[in-house]
Structures are given as structure tokens and as C-alpha cells.
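So for the sequence shown, the numbering used here puts the first residue at 13; every next one is plus one.
Note that beta-carbon positions come from the ideal geometry of N, C-alpha and C, so glycine has one too.
All figures in this text were calculated on a predicted structure; none of them were measured in a lab.
Take a look at the structure below.
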Amino acid sequence: MQKLKAANLYRSELIPISGRLVERYNQCLIKLGFEPTKLSQFHIDGIGWSPEIAEEREQIHYLNNGEANPHGIIISPLQKGKPVYTPNHTFDREMMQHIFRTHGDKINDITRDCAICIDFDQNIDAFYEPLDVLKYKTVSIGFHLINRLNEAQDEQLKLVETFKKDHNFIDENLHKALLDSAKKYGDLRNRDLELHDLNFTTDSFYTLAFGGVYVLRDFIKPIVVFEDEKWHKEAIKDTTYDVLIYHISQPELMDKLRDHVIIEYDLESVVKTDRYERIKKYEMMTFLKNAQHPIRDILKDSVLFKSYLNKLDIESRKHVMCVERYLEKLEISNQYKIADVVDVGFFNALHQPHSSLEPKHQDLIWKLLVNVSPRDILFLYWYDKEAFYHSFQSWDDSFKDWVIETISNNI
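Printed below as a string of C-alpha cells:
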């Protein structure tokens, strides 16, 4: 990962936490029912998740009380607009944007001397069956302040009102209570510490629950796509809901997505794009064994690319050039079918969200497509960073250089 870090492509927007902020963060962990961290410094993302604490706990989603009960922590106004690096759902960043849009000024004030615990409540205490994810509708976002700051404000205001009545201004015990409150919490009289609950309505989304599930419910008929085979098999036994259920590797899934006008393809157009070139070069990389030149140079230099292409065995060569071969054959005769010439994984990678979809749905479908066929390294980085990071570790060092250069040139 050092190559990615050096290129600012690995969790580069994390916020450093140290000193008193660590104490406040630990108070939030305790309030949420978790053990405090032993780390004296760490980093957090937009929702308050820390990679160092996740490593310490050996649990990536340590802010969850079960898959159905995620939480967040706001400890700094700098979290506004920051990425959510390990989201539980594709709408997590949208929820954080909603929070800062609504309560941004209050958050700036409160986080001067306090931290905020966030409870994302979708009115589901726990998941029991895989199709429970269909119960996601409206998420209620609740806020809790550490140090009872809002309660301390109420107490301080009551003391002030008491002080103003009759001859209470000469009461030494009242003086002491006011001073003690001011020393501990500061002057809270004119601060707005009331963070009312927010509602966030979900539509189609992806969740990490049950090994990863896509819920597509804004189309002709609801479709649920499972990444985990065990939970897919469990889900198809459930006849409670009128939905279409697929495993992500099922060939029928892509057919259904095309039928429902969710995805589309145009091979004649896509072969003229940079995306096609990236996918073709990825395919080429998989066949380069014991190359005499660095893979980065082979993929960048058209002369070297052709040289190594011609060194491949005939079947491998056909695989790399299958799309262009198909289009050439189609010019001669329309008797050829795509499946006869084009590799199915290559073909799937050339699909895109249907142009009629809303931008937020397009992002979700791009994520689904790069997981069906993860061959475009740029889109994999954009839409599923954790899957990208996992794959990156297994790649040849020279190919990593090409990947980093490709991504850096497109940011």
C-alpha cells in the first residue's frame, strides 16, 4: 500500500486525532457501548471511523452494534464533506452530508468542547433473515452529546433564573453552584446545543449486511442481488416478498438488468473510449508471464503491446482482442453472436448504467457492474475502494505503477 499512499490514493483525506480529542472520542465509544481505544493518536473519516482503531480491534466495522445498528462519531467540523471510507451502505455519505447541511453551524459550536455520537436507527433491532434488508425505508438519525452538555446547559439556565429571583443573588451556595458550572462547562447560556433528530429516506442501495446485498427497488420490479452464496441460497427459500433474487455471479442477472432497462451496452461506441483501452490492457496483463519488459511499459507503449500480443498463444490472443474481432466479423456477416466470440467477463465489463437513470442510481449500478466484472481499475477505485485495495495487493509491482499512473491521470 506504500505506493498508493505515496500517490495520495490510499485514504488520503483522513483527519488526525490526538490530545484531548482522543479523550472525547473514547467518551463517545463508551457512550455507544464500546471499549475505549488505547491509542494516543489516530485518524478518522467523515463518519468518525478510524483505520487504526479497526486494526487495533481486528474488526473493520467496530462502530456497529450488529449489522442492523451502525453508529457514527462527530468530533470535528473538519469531517464535513470528507469521504466515508468503509461505509455500511452506499447512502452513508449522503446521510453525513444531510447532517452537516442541517446542523452544520451547531456542530461547529458544539465540537469546540464536546463530541457528538450518532445513532442511525432504521427501526430494525437486529437482522434475522437475509430479506430483512428490504425493511430499510426511513433512517432516523439521532444525536447524543458526551459530558451531558445539553443537560448541563438546562441546569445552568435554571441556576441563572433562580439567581435573578428575589434576593437569591446574595446566596453563597448559589454563587458556588454557578461558578462550578461555569468552570466545568463554560458559559452555556447563549449556545444552541439542540440537535433535533433527522430522517433520511432510502431507495435503492447497497449494504454490507449478509455478506453484501444490492437492493434495487426503483425499477420495474424489485431486484435483490447477493454477493454471498450462502445468504443467496437462504434468501431464495423466502417466499414472503415479491422480489427477484440473484447471486452476483449468475449469468441471468445481466440479462434481467438489461431487460429492466437498468444497464446497456454499445460495443461499437465503447471500443473508441479510454475505458475500453483500460479493460483490454487489464485483460492483456493477465496473460503476461515472465515478460522481459516491465508490465507498465508494455501497457503504455503500443509497439511493445503489439509485440507481446503476438507472443501470446492463439487462444489468449483471441481473448484479448475478442471485442474488436467480433466487430470485424459483424461487418462481414450478421450471423455471429456476441457469445460466440466475446469472453463473457470482458463483455460484462463493457456495460454501463442505462442513460435514463438518475445520477445517484447510476453510481449504485456502476458499483454493481464493477463487482460483477472488476476489470476497469479506474472505476473499481472510484466505486469500490476496499475491493480495489484488496486486489491491488496481489498485483505485479510494475502493473501497480501503471494502475497508479492511470488513476492519477484521471483524478
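What did DSSP end up calling residue i once you bin it into helix, strand or coil?
| i | result |
| --- | --- |
| F411 | helix |
| Q364 | strand |
| Y148 | coil |
| L207 | coil |
| E327 | helix |
| T219 | strand |
| Q262 | coil |
| H305 | coil |
| N76 | strand |
| V332 | helix |
| C129 | strand |
| E276 | strand |
| I389 | helix |
| Y97 | coil |
| Q405 | coil |
| I232 | coil |
| Y348 | coil |
Can you round the beta-carbon distance between residue i and residue j to whole angstroms, since I take them to be within the 8 Å contact cut?
| i | j | result |
| --- | --- | --- |
| I424 | I87 | The requested residue 424 is not part of the displayed model; the chain covers only 13 to 423. |
| F46 | Y74 | 7 Å |
| E68 | T49 | 6 Å |
| L157 | L90 | Not confirmed; about 18 Å, so no contact. |
Determine the direct distance from the alpha carbon of residue j to that of residue i, and round the result to whole angstroms.
| i | j | result |
| --- | --- | --- |
| V227 | L143 | 10 Å |
| Y258 | T123 | 45 Å |
| H366 | D215 | 17 Å |
| Q53 | D209 | 31 Å |
| H110 | N159 | 25 Å |
| V34 | H272 | 49 Å |
| N81 | I136 | 8 Å |
| L424 | E398 | Since the first residue of the chain shown is 13 and the last is 423, residue 424 is not available in this structure. |
| I130 | R36 | 14 Å |
| H331 | V225 | 31 Å |
| Y253 | I377 | 22 Å |
| Y277 | E370 | 17 Å |
| K482 | M108 | Past the boundaries of the shown model lies residue 482; the chain is included only from 13 to 423, so the question cannot be answered. |
| D408 | E280 | 32 Å |
With a CB to CB cut of under 7 Å and the five nearest residues on each side skipped, what residues in its chain are close to residue i?
| i | result |
| --- | --- |
| H55 | L26, I27, P28, I29, S62, P63, E64 |
Within the same chain, show all residues whose beta-carbon is closer than 6 Å to that of residue i, passing over the 5 residues directly before and after it, in chain order.
| i | result |
| --- | --- |
| K349 | none |
| V415 | I389 |
Whose C-beta lies closer than 8 Å to the C-beta of residue i among residues of the same chain, with five residues either side of it excluded?
| i | result |
| --- | --- |
| A303 | I310, Y320 |
Does the stretch 323-340 come within contact of the stretch 237-251, defined as at least 3 CB pairs closer than 8 Å? no
Does the stretch 382-391 come close enough to the stretch 289-300 to have 3 or more Cβ pairs within less than 8 Å? yes
Would you be able to state if there are at least three C-beta pairs under 8 Å between the stretch 111-120 and the stretch 230-237? no
Do the stretch 91-110 and the stretch 215-225 meet, that is, are 3 or more Cβ pairs less than 8 Å apart? yes
I want to know whether the stretch 14-23 touches the stretch 407-422 - three or more CB-CB distances under 8 Å. yes
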